[in-house]
Every structure is written in structure tokens, then in C-alpha cells.
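Everything below concerns the one structure shown next.
Numbering (full-length UniProt numbering), first residue to last: 1 to 490.
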């Protein structure tokens, strides 16, 4: 598999595209005006404790208070629980009080109307390790499957860990096969950084940021670049130098793969990335066979509907449905990554009667999601042909980053017809005629609605004038949308 990472940098925005075999798979966008908060450490102040929800709201200096659940709170008794087996506090009121200062880290960006999600289990990642403030031992990534390698890494980190340190380490997947020197350098770096964080905590005021995660371009190198990535292309000289400096210090083996792109064509035009981003904002996703997906993102969940469309197959209906669902499984996995869809996802595959076909489609979806960096969990196919799954969500979806709700329909995706609005106007005139004694009614409405009132509804307007005994004047307002109107009393 050939993988390439393209980094497009402008003064106001940084965008990263992950391309596999010439096909866009993931997009990350970070804007200077509102950088992502995940990974940032703050000195917050508890502004409200909610025993009924077993949670608290914490002021960390943002527009909305952030949310901290009891399960994300590190307490002094946790080590005792592991060692002595005693029970931890059961209520959040045993752990927090209003006005208390608390060191927290953002684990989810603010999403929609929800504030950021916090934890007091502070962690700081490097290339090969993650420093965990709430652990006193060494953990190994589950993706490292070789038992001998797991044992080697664990012993190496335990031997090199600072003596008497009050934190632990998680060994990341990228550390597989890495030597002693690289791991030691990472531990030294993280230990110094954690010492600096503790010093800043002592000096900072409530609501202050203590530690900010690396910018997107450098995070990409740290988190996304593995052995499968052939090269990283960057179209900014300044960012290229910064990324190289980081690589030289922490990831020297990647130096040769980092390129400064100086081509005349925009870097995102190389593999049609711009076009793919535009397609990722549409509801309909066309499949090569002629079938298609309809993807709808709502506050509660995301739904994916699979349709055969123009695909008629060559053998029989069951085979046609099976092939469409197989192709859809691959496409859905890519769209989840590309659009960064998280939370609850319901997939409505076309109904299959063959149990083996259901199993194969589910397996195809699971296999396609193996390359996804975000964790996901898939249930079995239900009797209705629905697949329920969850995908971990830590940042806003591509649609939420790049788009806002339509100001005309307020995000509903539909509007009232001109006919419906005409009847609403008639009811409003009747309401006003009963309440006020006026000589004339003036209706201000969109051009489309006025045209309908003058044409198809002219008889209704005349009947209404006769019924209320007052003239009705019409005036088109080009700036009004279809649903807008005013009835002016004259």
C-alpha cells in the first residue's frame, strides 16, 4: 500500500490530506482563529457540581464551561484501590466542590452546543511514548501483538524510567522495533516537559492554559507518519523547516521522506483532493457499480442508507444486493474517515436473506475499518438489515468544520412551499381583521409568493377581500425568502 501525506499551509489555515494509492482517505483542518483544543492542559475552576449527573462544569477560559464526568477524575484513592482493594469515592461531591481549582486536559473539542469534555487523567504524548500522570506502571499498545517485543519494550522502559517518578508510560504502536536510545530520549523529553507543566501550574491563575499541543503539521508527523508512509509533502517553506527540525530531534529516520513542494499546481490538486473534499460535503455518494449511499448527519447520530440505484447486476437479485452491499461497506469505511463521522452510526444495508452474505458484508466493513485511527465497535446485522456501530469522536466532523447551517432553512434541509405560505398569509389577515379596524392590508412577501397570490390564488384573495370588507395590497420583497412575510395594517 502506497501512502502519502500532503500538507497545505496558509497564514490562516493548515490542511492535511492522507492519500492511499492515489485516493484521499482522511482530511484534517486547523484554522488559526480556532485551533483544536484536544490535548491542551488548563488550570480550571469548578463552577458547578451536579450530583444527579455525577459531573461538574469547569471554567477553563472558553465561551462555554467544559464538562467533567466523575469517571474522568483522578482521585487520591485510585492507587489505593489498585494496591489495597478499597472502594473509591462514589459521588462527585466527595471529589470536587464549587470554586475549587483543578488541572484538566481536553479530550473532546466543543461539538455543536456541547462544551469541551475534560479529564484529570493528564497525558502528554511523544513519538514513541505517552506520559500518564495517573499511572505508576508501564503499559504497551494493544496493537503490538508480538509477546517477545512487548516484554522487551516493557523491561526497557522500566529500566530507563526516572527513579522515584510519580507517573507512568504507555508505549505507542510506533515504538515496535525501536532501540533503547530513541526510547530514552523520548522519556527524557517527556519528563522535562512534565516538570515544566507542574511549575506552570503553581504560577498560573484559574482559566489559564498550562500546555498547548503541537500545531497540526507537527502533530501529523508525530501521530500519522509510520513505515507505510512513503513521503510527506509540504508547500510552505517555513512549516517545512519547522517539521524538519522536529523530525531531526525526535524522528531522524523520517528526514529523507519530508519534501518541500515547490510545484506550480496547488498541492491539493495533485490527487484531486479539493474535488474529493467537495464531494465529502454532499449527502449522496456514488458507487462505481451504479449504486449509491445517502449520508445524513444529525445531533443524535449519523445514518447511512445503501441503495442499488442503477446497478441491475447480471445474475439474480440476491447477488446484485450482495455485491452492492460489499462495495458499500468499503465506501462507508472510507467516508467515515474522510468526513470524520463519530458517535452512533446506523447503516441501512439493502436487505439480504442469505446469512453467509450478511456475515461477509459485516466482515468486509470490519476489515475496511482496520486502517482507521479512530476506534470503532460494530454490532451484528439486525433483522431489519441495520448495522449499529460507534466510532470514537474527538474533534468536529468535516461538515461542522467547513460549513454552517443554512440561514434560509435553519439547517432543516427543506422549506415551506409558496402555496403553504399563501395560506398562512390568509390566516394571518383573518386574525388581524378580527382584532383591528383598519382600512387596508399590505402584504410584504417574496417574489415567488406574490406571484402565486396574483396568479393561482387570485380568486382566494378576492374572496378574502369580500369576506373582510377590506382591500388587500401585495408588494414583492426580493430580499425575503419564501417563508418570510409581513402583514402591515394601513
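Glycine included, C-beta positions come from ideal geometry on N, C-alpha and C.
Measuring CA to CA, which of 105, 65, 52, 62 is closest to residue 73?
The candidate whose alpha carbon is nearest that of residue 73 is 105.
My parser needs the alpha helix (DSSP H) runs of 4 or more residues fully inside the region 218-306; what are they?
Counting only runs of 4 or more, we get 237-250, 273-279.
I need the boundaries of the beta strand (DSSP E) containing residue 8, first residue and last residue.
Residue 8 -> beta strand (DSSP E) spans 3-10.
Beta strand (DSSP E) runs contained entirely in the region 49-134, provided each spans 3 or more residues
Runs of the beta strand (DSSP E) inside the region 49-134: 55-59, 66-69, 101-108, 117-119, 123-125, 129-132.
May I have the straight-line CA-CA distance separating residue 492 from residue 419, to the nearest angstrom?
Residue 492 is absent from the model: the chain starts at 1 and stops at 490.
For the beta strand (DSSP E) containing residue 28, list its first residue and its last residue.
For residue 28, the uninterrupted beta strand (DSSP E) run begins and ends at 23-31, by DSSP.
Alpha carbon of residue 171 to alpha carbon of residue 185, nearest angstrom:
Roughly 13 angstroms separates the two Cα atoms.
Can you tell me whether residue 43 is buried or exposed? The criterion is at least 16 other CB atoms within 10 Å of its CB, across all chains shown.
Counting Cβ neighbours within 10 Å, residue 43 comes out buried, since at least 16 surround it.
Taking C-alpha atoms, which residue in 245, 329, 444 lies nearest to residue 363?
Looking at the Cα atoms, 329 is the closest of the given residues.
For residue 189 versus residue 126, is the C-beta spacing smaller than 8 angstroms?
Less than 8 angstroms separates the beta-carbon of residue 189 from that of residue 126.
Does DSSP put residue 198 in a helix, a strand or coil?
Reduced to three states, the DSSP call for residue 198 is helix.
Give me the DSSP bridge partner(s) of residue 389.
Under DSSP, residue 389 takes part in a beta bridge, and its partners are 345, 378.
Quick check on residue 534: buried or exposed, where buried means 16 or more other Cβ atoms within 10 Å of its Cβ?
No information on residue 534 is available, as it lies outside the stretch 1 to 490 that the chain covers here.
Quick check: what's the CA-CA separation for residue 469 versus residue 477?
Taking the straight line joining both Cα atoms gives about 26 angstroms.
I want to know whether the region 431-448 touches the region 402-415 - three or more CB-CB distances under 8 angstroms.
Flag = no, the region 431-448 and the region 402-415 do not touch.
Hey, residue 353 and residue 318 are a contact pair by Cβ (cut 8 angstroms); roughly how many whole angstroms apart?
With 8 angstroms as the limit, residue 353 and residue 318 qualify as a contact, their Cβ atoms being about 6 angstroms apart.
Near residue 98, what residues of its chain come up, given a Cβ to Cβ distance below 8 angstroms and the 5 sequence neighbours on each side ignored?
Answer for residue 98: 46, 47, 48, 49, listed in chain order.
Check residue 476 in the structure and name its three-state DSSP category.
The three-state secondary structure of residue 476, taken from DSSP, is strand.
Per DSSP, which residues does residue 42 bridge with? Please list them.
Answer is 104, 209.
Burial state of residue 255, where buried means 16 or more other Cβ atoms lie within 10 Å:
Burial is judged here by how many other beta carbons sit within 10 angstroms of a residue's own beta carbon; residue 255 has fewer than 16 and is exposed.
Within a Cβ cutoff of 8 angstroms, which residues of the same chain sit near residue 83, ignoring the five residues on either side of it in sequence?
Residue placement at residue 83 cannot be trusted, given a pLDDT of 42 that sits under 50; what the coordinates show is reported in the next sentence. Within the same chain, residue 83 has no close Cβ partners at all.
Give me the residue from 114, 41, 201 with the minimum Cα distance to residue 122.
Relative to the Cα of residue 122, the nearest Cα in the group 114, 41, 201 belongs to 41.
If you check the beta carbons only, do residue 492 and residue 176 fall under 8 angstroms apart?
The chain is shown from 1 up to 490; residue 492 falls before or after that span and cannot be answered.
Candidates 37, 417, 9: closest to residue 211 by CA position
Checked all of 37, 417, 9; the closest Cα to residue 211 is 37.
Tell me whether residue 109 is buried or exposed, calling it buried when 16 or more other Cβ atoms sit within 10 Å of its Cβ.
Under this definition residue 109 is a buried residue.
Give me whichever residues DSSP pairs with residue 561 in a beta bridge.
Only positions 1 to 490 of the chain appear in the structure, and residue 561 is not among them; the question remains open.
For a quick check, are the C-beta atoms of residue 217 and residue 7 less than 8 angstroms apart?
Here residue 217 is near residue 7, since their CB atoms are less than 8 angstroms apart.
To which residues of the same chain is residue 119 closer than 7 angstroms at the C-beta, ignoring the five residues directly before and after it?
Cβ contact annotation for residue 119 (same chain, cutoff 7 angstroms, sequence separation greater than five): 72, 104, 105, 107, in chain order.
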